[in-house]
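Report on the structure given below.
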Amino acid sequence: MATKVYNMQRESMEFDVVIVGAGPAGLSAAIRLAQLQQQEKPLSICVIEKGAEVGAHILSGAVFETRALDELCPDWTSLGAPVKNPVTNDECLYLTTHLNHVVVPEFLTPNSLKNSSDNHVISLGNLCRWLADQAEQLGVEVFPGFAASKVLYDSANTVVGVQTADMGLDKNGEKKSNFEPGIDLLSQYTIFAEGARGHLGKSLIDKYSLDHDMQPQHYALGFKELWQLPKDHPHYKQGHVVHGVGWPLSETSTTGGSFLYHLPNNQVAVGLITDLNYRNPHLNPFEEFQRFKHHRAIAKYLSDGERLCFGARAIAKGGLRSLPKQQFPGGLLIGCDAGTLNMGKIKGSHTAMKSGMLAGEAVFKSLVAPQPEREPDYQSEFESSWLYDELASTQNFGANLHRFGEPIGGLVNVVEQNWWPKLFKRSAPWKVQDLTEDHACLDRVKQSKPIDYPKPDGKLSFDKPSSLFLSGTQHEENQPCHLLLHDPDLVIETHLPQYNEPSQRYCPAGVYEIINSDGQPQLHINATNCLHCKTCDIKDPSANINWTSPEGGGGPSYRGM
146 MATKVYNMQR ESMEFDVVIV GAGPAGLSAA IRLAQLQQQE KPLSICVIEK GAEVGAHILS
206 GAVFETRALD ELCPDWTSLG APVKNPVTND ECLYLTTHLN HVVVPEFLTP NSLKNSSDNH
266 VISLGNLCRW LADQAEQLGV EVFPGFAASK VLYDSANTVV GVQTADMGLD KNGEKKSNFE
326 PGIDLLSQYT IFAEGARGHL GKSLIDKYSL DHDMQPQHYA LGFKELWQLP KDHPHYKQGH
386 VVHGVGWPLS ETSTTGGSFL YHLPNNQVAV GLITDLNYRN PHLNPFEEFQ RFKHHRAIAK
446 YLSDGERLCF GARAIAKGGL RSLPKQQFPG GLLIGCDAGT LNMGKIKGSH TAMKSGMLAG
506 EAVFKSLVAP QPEREPDYQS EFESSWLYDE LASTQNFGAN LHRFGEPIGG LVNVVEQNWW
566 PKLFKRSAPW KVQDLTEDHA CLDRVKQSKP IDYPKPDGKL SFDKPSSLFL SGTQHEENQP
626 CHLLLHDPDL VIETHLPQYN EPSQRYCPAG VYEIINSDGQ PQLHINATNC LHCKTCDIKD
686 PSANINWTSP EGGGGPSYRG M
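Here it is as structure tokens:
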């Protein structure tokens, strides 16, 4: 359904820089800009965040590398940053069946996946809350609960800001009694840091052809649960890190991986990452995660524990070969909005932060230049940084797994990460590409083996409604649907007979379901369930779903994630 457009006089606010998204990239950009500003001429910097509070929509494993934080806030320890849980032990498992596993020896583990005590197991949401405090102390204005709905351009197609979403529209797009029009936030430069598959970032990539000559971006769907273990749990070891590959995804020749991280206070984070180039339309990533927790190598850590929180989020994992041009007239695209995650390390927080810092430096140079450029020169900053070198060193990592599967792709990664640099003192010279977009990878239902998922036991495995409850997800129910179909007829005419409408399974929150209406199948969209994971925008086989932002303040409310 098209959104109604009202002719109205909108309020506007002007800033030197507007930043969309209060994640690690956006907040690092704000802090770096504020650090560089001249005392006699302070900058006006605004960060808007669609979550009800900073950190509400932040989801990551997360083993955190402090390299970027060391540069951004060298005294972070004395300032009380919530980074206080160094890795004490690191192991990698290959889950061979639903019962058995082998511990991958160190010489067969890619060096990029190894973690030392310089890394910390943290809550990225808590770190972002701390970063927001640091930004505000430097004079940055941080506004949670405001969703950017559209990019504003001038007559020369230069970005001049963003417009926040209208509040108080009903399901039909009509004004309710509490209607408030969105605000135009105008700026000299706008930095987009929405996270993976940001809807404005996607529109910018299309408008300026920022991904020209790049391989397609690739994604995975990551699940995470936070568990509280009882005191004296026999398998709890603070700082312990477990990564895994293999079962259950290996049963459908699907790539991905798993993690289990030991946090302070007898808490553990457990998760499964499913690559979204999977082929079997019967596959249900949520159910794969529930199965995974029953593997005895994992279940022993969760026994007698209690789930505290659940969440899911898409991850941009294409790496350097999928990274679009990040600068354009009037702005920059940074962090996971562009795709700076280092797949070889399965880490994106420190790279997002460095991307934000480079953005702040590029924008500042342009602001103080005698003749400001339409495009801040981010590219030069990026290519001369350790961020570029790090992404270049693992640029084949994801493609190796996609092209060759497990374990062959993993062995190729060991050669590239461990043996080749040691023998030849440089990165592997060959180029492995992955040119098929994730949404184009589904086989037809008739070609695919059905998957029988067991019912949840309520102890280790759970259903979607109870999991959604633990995510704290809430939306204003009477508002326009933010999940838009380009062609509604495709669902019943094409996707249902060919793929048994896969959105029923790839969505982790039960947003999409096929119901019978007068004896005819019909797609029903439960938009209020949406976790903002963006999987539907990525995996729909006809790229038929466009995720747009609902009213600000809606969505999950993650705690400790």
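By the working numbering, the letter at position 54 of the sequence shown is numbered 199, and the numbering carries on one by one without gaps.
The beta carbon of each residue, even a glycine, is placed where N, CA and C say it ideally should be.
Computed from a prediction, not measured in an experiment: that's the story for all the values here.
Top-ranked residue by Cα proximity to Asp-579, from Asn-545, Ser-261 and Lys-594: Locating residue 579 in the sequence shown gives position 434, where the first residue counts as 1. Ranking the options by Cα distance to Asp-579, first place goes to Asn-545.
Classification of Ala-537 by the beta-carbon crowding that lies within 10 angstroms, buried from 16 upward: Walking along the sequence shown from the start, residue 537 turns up at place 392. Classification for Ala-537: exposed.
Runs of beta strand (DSSP E) wholly within the segment 604-629 (minimum 3 residues, chain order): none
Cβ-Cβ distance between Ile-336 and Val-162 below 8 Å: Stepping through the sequence shown from its first residue, residue 336 is reached at position 191. Stepping through the sequence shown from its first residue, residue 162 is reached at position 17. Yes, Cβ-Cβ distance for Ile-336 and Val-162 is below 8 Å.
Segments assigned beta strand (DSSP E), at least 3 residues, entirely inside the segment 241-270: 246-248 and 264-266
Reduced DSSP category for Gly-709 - H, G, I as helix; E, B as strand; rest coil: Any property of residue 709 remains undetermined from this structure, which presents the chain solely from 146 to 706.
For Glu-621 and Gly-697, the rounded distance between their alpha carbons: Looking up residue 697 in the sequence shown gives position 552. Looking up residue 621 in the sequence shown gives position 476. Their Cα atoms are separated by approximately 10 Å.
CA-to-CA distance, Ile-491 to Leu-258, given in whole angstroms: Locating residue 258 in the sequence shown gives position 113, counting from the first residue. Locating residue 491 in the sequence shown gives position 346, counting from the first residue. If you take the alpha carbons of Leu-258 and Ile-491, they lie about 7 Å apart.
Three or more C-beta pairs below 8 Å linking the segment 448-457 and the segment 396-403: no
Nearest neighbour of Gly-475, chosen from Glu-658, Gln-279, Pro-666 and Leu-331 [CA to CA]: Within the sequence shown, numbered from 1, the residue matching residue 475 stands at position 330. When each option's Cα is compared against that of Gly-475, the closest is Leu-331.
Given 8 Å, three or more beta-carbon pairs between the segment 440-452 and the segment 270-283: no
Residue burial classification, Leu-224 (beta-carbon count within 10 angstroms, cutoff 16): Residue 224 sits at position 79 when you count from the first residue of the sequence shown. Exposed, by the Cβ-count rule.
Option in Ile-683, Cys-626, His-547 and Asn-691 with minimal Cα separation from Asp-315: Locating residue 315 in the sequence shown gives position 170, where the first residue counts as 1. Of the listed residues, the one whose Cα sits closest to Asp-315 is Cys-626.
Secondary structure of Gln-435, DSSP reduced to three states: Here residue 435 corresponds to residue number 290 of the sequence shown, with the count starting at 1. It is helical.
Cβ pair Ser-712, Gly-501 closer than 8 Å: What is shown of the chain runs 146 to 706, which leaves residue 712 out entirely.
Contact set for Phe-614: own chain, Cβ-Cβ below 6 Å, skip 5 residues either direction: Within the sequence shown, the letter at position 469 stands for residue 614. Result list for Phe-614: empty, nothing under 6 Å.
Spatial distance of Gly-554 from His-547 (CA atoms): Locating residue 554 in the sequence shown gives position 409, where the first residue counts as 1. Locating residue 547 in the sequence shown gives position 402, where the first residue counts as 1. In a straight line, the C-alpha of Gly-554 is about 8 Å away from that of His-547.
Range of the contiguous alpha helix (DSSP H) that encloses Trp-565: Against the sequence shown, residue 565 aligns to sequence position 420. It spans 565-569 - the alpha helix (DSSP H) in which Trp-565 sits, taken as one unbroken run.
Neighbour-count burial assignment, Asn-410, 16 or more Cβ in a 10 Å radius: The residue labelled residue 410 in the question sits at position 265 within the sequence shown. With fewer than 16 other Cβ atoms within 10 Å, it is exposed.
Minimum length 3: unbroken beta strand (DSSP E) runs contained in the segment 146-194: 157-165 and 190-194
Cα-Cα separation between Pro-599 and Leu-366, rounded to whole angstroms: Here the question's residue 599 lines up with position 454 in the sequence shown. Here the question's residue 366 lines up with position 221 in the sequence shown. So the two alpha carbons sit approximately 21 Å from each other.
Heavy atom of the ligand ADP within 7 Å of Asn-271 beta-carbon: With respect to the ligand ADP, the structure shown offers nothing to examine, as it has no ligands at all.
Continuous alpha helix (DSSP H) assignments of at least 4 residues falling wholly in the segment 630-703: 641-644, 648-651 and 680-684
Residue range of the beta strand (DSSP E) that includes Ala-710: Nothing can be reported for residue 710: it is not among the residues displayed for the chain, which extend from 146 to 706.
Cβ-based burial, Glu-156 [other Cβ within 10 Å; buried from 16]: Looking up residue 156 in the sequence shown gives position 11. Exposed.
Cα-Cα separation between Met-146 and Glu-433, rounded to whole angstroms: Taking the first residue of the sequence shown as position 1, residue 146 is located at position 1. Taking the first residue of the sequence shown as position 1, residue 433 is located at position 288. Because Met-146 sits at a pLDDT of 32, beneath the cut-off of 50, its placement in the model cannot be relied upon, and the following sentence gives the value as read from the coordinates. Rounded to the nearest angstrom, the two C-alpha atoms are 33 Å apart.
Inter-residue spacing [alpha-carbon to alpha-carbon] between Asn-671 and Val-232: By 1-based counting over the sequence shown, the position of residue 671 is 526. By 1-based counting over the sequence shown, the position of residue 232 is 87. Approximately 40 Å, taken between the alpha carbons.
DSSP-derived helix/strand/coil call for Ser-332: Numbered from its first residue, the sequence shown carries residue 332 at position 187. If DSSP states are grouped into helix, strand and coil, Ser-332 belongs with the strands.
CB-CB length for Ala-338 against Val-508, believed under 8 Å: Taking the first residue of the sequence shown as 1, we reach residue 338 at position 193. Taking the first residue of the sequence shown as 1, we reach residue 508 at position 363. Not really, about 12 Å apart at Cβ, beyond 8 Å.
Given Asp-632 as reference, the closest of Ala-688, Pro-695, Asn-674 and Gly-705 once Cα atoms are compared: Locating residue 632 in the sequence shown gives position 487, counting from the first residue. Of the listed residues, the one whose Cα sits closest to Asp-632 is Ala-688.
Rounded separation between Thr-148 and Asp-682 - CA only: Residue numbering aside, residue 148 sits at position 3 when the sequence shown is read from its first letter. Residue numbering aside, residue 682 sits at position 537 when the sequence shown is read from its first letter. Low per-residue confidence applies at Thr-148: pLDDT is 42, beneath 50, and the placement is therefore not dependable, though the value from the model is reported in the following sentence. Approximately 18 Å, taken between the alpha carbons.
Which listed residue (Met-706, Phe-431 and Tyr-523) has its alpha carbon closest to that of Arg-650: Along the sequence shown, read from residue 1 onward, the residue named residue 650 stands at position 505. Ranking the options by Cα distance to Arg-650, first place goes to Phe-431.
Identity of the residue in Ala-573, Lys-679, Pro-610 and Asp-602 nearest Leu-628 by Cα: Along the sequence shown, one-based indexing puts residue 628 at 483. Minimum Cα distance to Leu-628 is reached at Lys-679.
Gln-373, enclosing beta strand (DSSP E) - first and last residue: As a position in the sequence shown, residue 373 is number 228, starting the count at 1. Where Gln-373 is concerned, the enclosing beta strand (DSSP E) stretches over 364-373.
Pair within 8 Å by beta-carbon distance, Leu-421 and Asp-597: Your numbering for residue 421 matches position 276 in the sequence shown. Your numbering for residue 597 matches position 452 in the sequence shown. Not a contact, by the Cβ cut-off of 8 Å.
Element boundaries [alpha helix (DSSP H), containing Glu-286]: Position 141 of the sequence shown, counted from the first residue, corresponds to residue 286. No alpha helix (DSSP H) holds Glu-286; the beta strand (DSSP E) holding it covers 286-289.
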